[in-house]
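Trainee: First the structure, which I've put down as structure tokens, then a few questions once you've had a look.
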Amino acid sequence: MGPAARGAGACAKAIGAVIKATINTSMCTTKAIPPSTRAAEVPYDRTMDSLIEPSSLAGLKPDTIAISNVNLSLGTGAARVHILKDISLNVASGEAIGLIGPSGSGKSTLLMVMAGLERPDSGEVVVNGTAFNALDEDALARFRGRQVGIVFQSFHLIPTMTALENVAVPLELAGNPDASSRAAQELASVGLGDRLHHYPTQLSGGEQQRVALARALAPDPAILVADEPTGNLDEATGKQIVDLLFTKHAERGMTLVLVTHDTALAQRCDRVIRLRSGRIDSAGADRKAAS
Ligand code: ADP
Ligand code: MG
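Converting from the sequence shown to the numbering used here requires adding 184 to each position, the first position being numbered 1.
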């Protein structure tokens, strides 16, 4: 498969991931995903939720992301590719990781595994104390909605919704009664307080990525994963987005995993991880604290 086909495949997979996330969670809307104060009204089976460990009860502060011996192959027949090969990686709470590597090395796939959008064939993924293996698809989707923010290269906003509606979606799915005002606050905090009722086509690329960032941040996730978030933007706009991303990371103390082709950008993270042909080349060798 050539680089162009690979790019198209990754993009299609990313779009599929968003649709999967949207469908997974929107399927639950009629069943409601209310905050714990409304637990008595919840009709769905919460057995699986007991496996989602509230971070406040965790006592010790574990690594926010703990990946052990993960293997993942995708595709069928001759097109089957062993993408992630025995990956183990721990990311501390609040840490910012820059994930770099050649095109096709598995960066996006690893990000999808961390976000619970791809399940590995073997190995374990634990995010904020919750083991993904123990969760069924619905529980995993609920976990994602609360704990994982995702930003893609091509924004993936819903075109028929305004900026405000796009940001309100994950909040509504999480049962937030003030979804709309919270979404407006979040948009104001990324500098789009005067674009609430614009549709994605009425916004510039940089503005669309700000909306996507506001949408990812709105549920106050424990981890934020960003897959080449500046890839579709010009250099100056990309820098603004990245500055905003790091500002939000610093303000909120969430864990950040940033996939980028840009080595200088990756160096702004606490640690740079390099993937090569589905394996980690160096993990933590250049952790800033160690230097
Ligand atoms: P990166 O983000 O580092 O460019 P990806 O994680 O998108 O790499 O892809 C890693 C490899 O896995 C590539 O060789 C790609 O062609 C392959 N791949 C990705 N998705 C699929 C799929 N659904 N089926 C088969 N191969 C895939
Ligand atoms: Mg990629």
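Glycine included, each C-beta is placed from N, C-alpha and C at the ideal position.
Given the structure is predicted, the values throughout are model-derived calculations rather than measurements.
State whether the stretch 246-256 contacts the stretch 271-280, with contact taken as three or more CB pairs (one from each stretch) at a distance under 8 Å.
Mentor: Because the criterion of three Cβ pairs below 8 Å is met, the stretch 246-256 and the stretch 271-280 touch.
Trainee: Check whether the stretch 295-313 touches the stretch 332-339, taking contact to mean three or more Cβ pairs, one atom from each stretch, closer than 8 Å.
Mentor: Result yes; three or more Cβ-Cβ pairs closer than 8 Å.
Trainee: Can you list, in chain order, the residues of its chain with a C-beta nearer than 7 Å to that of Asp305? Leave out the 5 residues immediately preceding and following it.
Mentor: Here the set comprises Asn255, Leu256 and Ser257.
Trainee: From which residue to which residue does the beta strand (DSSP E) around Glu308 run?
Mentor: Taken as a continuous stretch (DSSP letters only), the beta strand (DSSP E) holding Glu308 covers Ser306 to Val311.
Trainee: Who are the near neighbours of Ala398 in its chain, counting only those whose CB is closer than 6 Å to its CB and skipping five residues on each side?
Mentor: Hits under 6 Å: Val351, Glu370, Leu371 and Val374.
Trainee: State the DSSP-derived secondary structure class of Gly259, mapped to helix, strand or coil.
Mentor: Reduced to three states, the DSSP call for Gly259 is coil.
Trainee: Could you tell me which uninterrupted alpha helix (DSSP H) segments, each at least 4 residues in length, are contained entirely in the stretch 365-421, listed from first to last along the chain?
Mentor: Complete alpha helix (DSSP H) runs here, min 4: 389-401.
Trainee: Evaluate contact between the stretch 451-464 and the stretch 281-295, counting only Cβ atoms and requiring at least three cross-stretch pairs below 8 Å.
Mentor: Yes: at least three Cβ pairs fall under 8 Å.
Trainee: Asp378: buried (16+ other C-beta within 10 angstroms of its C-beta) or exposed?
Mentor: Exposed is the call here.
Trainee: Should Asn360 go down as buried or exposed, given a rule of 16 or more other Cβ atoms within 10 Å for buried?
Mentor: Buried, since its Cβ has 16 or more Cβ neighbours within 10 Å.
Trainee: If you check the beta carbons only, do Ala138 and Leu387 fall under 8 Å apart?
Mentor: Residue 138 is absent from the model: the chain starts at 185 and stops at 475.
Trainee: Under 8 Å between the Cβ atoms of Thr248 and Ser277?
Mentor: Closer than 8 Å, so yes.
Trainee: Enumerated in chain order, which unbroken segments of the alpha helix (DSSP H) with a length of 4 residues or greater are wholly contained in the stretch 329-363?
Mentor: For the stretch 329-363, whole alpha helix (DSSP H) runs of length 4 or above, ordered along the chain, are 347-357.
Trainee: Less than 8 Å between C-beta atoms, sequence neighbours within five positions excluded: which residues of the same chain meet that for Pro343?
Mentor: Contacts found: Tyr383, Pro384 and Thr385.
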